[in-house]
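Colleague:
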Amino acid sequence: MAAQTQQFHFILFPLMAQGHMIPVIDIARLLAQRGVTVTIVTTPHNTNRFRAIVTQAIESGPFIQFLELTIPCEEAGLPEGCDNLDLLPSMDWASNFFVATSMLQQPLEEELGEMEPKPSCKISDMGFPCLVNWQSESEPFVVPGLPDLIELTKAQLPGFNSSSSSQLKSVGDRIKEAYKAAYGVVVNTFELETEYIKELKKAKDDFNATQPEP
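Quick note: the sequence shown, position 30, residue 503 per the working numbering, numbers continuous.
Structure representation (structure tokens):
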């Protein structure tokens, strides 16, 4: 009897933003070229918005498919149709957006449980903001753990950094726990960021930081 060959199935879950969707689709192409089944999780609007890129990805091989989930805008206090970060009326709505994306966990798990072949690897976008607890709006602080000296003030941080949102803090805590539990991270980077990749690896001794290669 011939031995059965395992069919690898990668699930890619990019943040719903233009700067995240396109690199993830590129990663999907690289995986599909190696005969790996790839499912990209996104929203109906994002599928339509990136229709040309999506079509090219599908035509590049039969191994790329898309799973569409609807962001619960109303439940998260968002205006309807805000299923992409740059569709928000302003960045003041970003905390609601990240709360909304966190609500996709249960429907996503239900969909993954019914998939064939079963998922063998899940890559979730870590493009969510870290919460910085800083008292002064104008007092500069050094961003820790970086090769270069970078100073910021709380006032310079995006609007979604507000520490007043307990919901957003809960989402941030879950993101950090997922980061700790993950086997590794796929990094969209280039040669000038080599030192930062080294620092990322130092941050977790048993962590695998992988740079996709063509």
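Glycine is no exception: its CB is placed at the ideal position from the N, C-alpha and C atoms.
Work out the CA separation of GLU532 and ASN606 for me, nearest whole Å.
Modeller: Summary for ASN606: the model assigns pLDDT 37, below 50, so the residue's position carries little reliability, and this model does not support an answer.
Colleague: Here's a check: name, in chain order, each residue in its chain whose Cβ is nearer than 7 Å to the Cβ of LEU504, leaving out the five neighbours to either side.
Modeller: PHE483, VAL511
Colleague: Applying the criterion that 16 or more other CB atoms from any shown protein chain within 10 Å of the CB defines a buried residue, is PRO487 buried or exposed?
Modeller: buried
Colleague: What residue does the beta strand (DSSP E) around PHE537 start on, and which one ends it?
Modeller: Note on identity: in this sequence residue 537 is Ile, with Phe being the wrong assignment. Segment 537 to 541, the beta strand (DSSP E) holding ILE537.
Colleague: Per DSSP, what kind of secondary structure is LEU625 in: helix, strand or coil?
Modeller: strand
Colleague: My output table needs one value for ILE544: the three-state DSSP class, helix, strand or coil.
Modeller: coil
Colleague: Can you have a look at ASP598 and say buried or exposed, based on whether 16 or more other CB atoms are within 10 angstroms of its CB?
Modeller: buried
Colleague: Can you find a CB in chain C that lies within less than 8 Å of the CB of LEU641?
Modeller: In the structure shown, chain C does not exist; there is a single protein chain.
Colleague: Identify, in the order they occur along the chain, each residue of the same chain with its Cβ nearer than 6 Å to the Cβ of LYS595, setting aside the five sequence neighbours on each side.
Modeller: ILE484
Colleague: With a threshold of 6 Å on Cβ separation, who are the neighbours of GLN538 within its own chain once the five nearest residues in sequence on each side are excluded?
Modeller: THR512
Colleague: Check whether the Cβ atoms of PHE614 and LEU625 lie closer than 8 Å to each other.
Modeller: yes
Colleague: From PRO617 to ALA490, what does the alpha carbon distance come to, in whole angstroms?
Modeller: 26 Å
Colleague: Write down the C-beta distance between ASN521 and ASN557 rounded to the nearest angstrom, noting that I regard them as a contact closer than 8 Å.
Modeller: Actually they are not in contact, since the Cβ atoms of ASN521 and ASN557 sit about 11 Å apart, beyond 8 Å.
Colleague: Compare the beta carbon distance of ALA573 and LEU551 with 8 Å and say whether it is the shorter of the two.
Modeller: yes
Colleague: Tell me whether CYS603 is buried or exposed, calling it buried when 16 or more other Cβ atoms sit within 10 Å of its Cβ.
Modeller: Here the model assigns CYS603 a pLDDT of 31, short of 50, so the residue's position is not dependable, and the following value carries that caveat. CYS603 should be labelled exposed.
Colleague: Have a look at ILE670, MET564, GLU666, THR528 and flag the residue whose alpha-carbon is nearest the alpha-carbon of VAL658.
Modeller: ILE670
Colleague: So what does SER597 bridge to, in DSSP terms?
Modeller: PHE486
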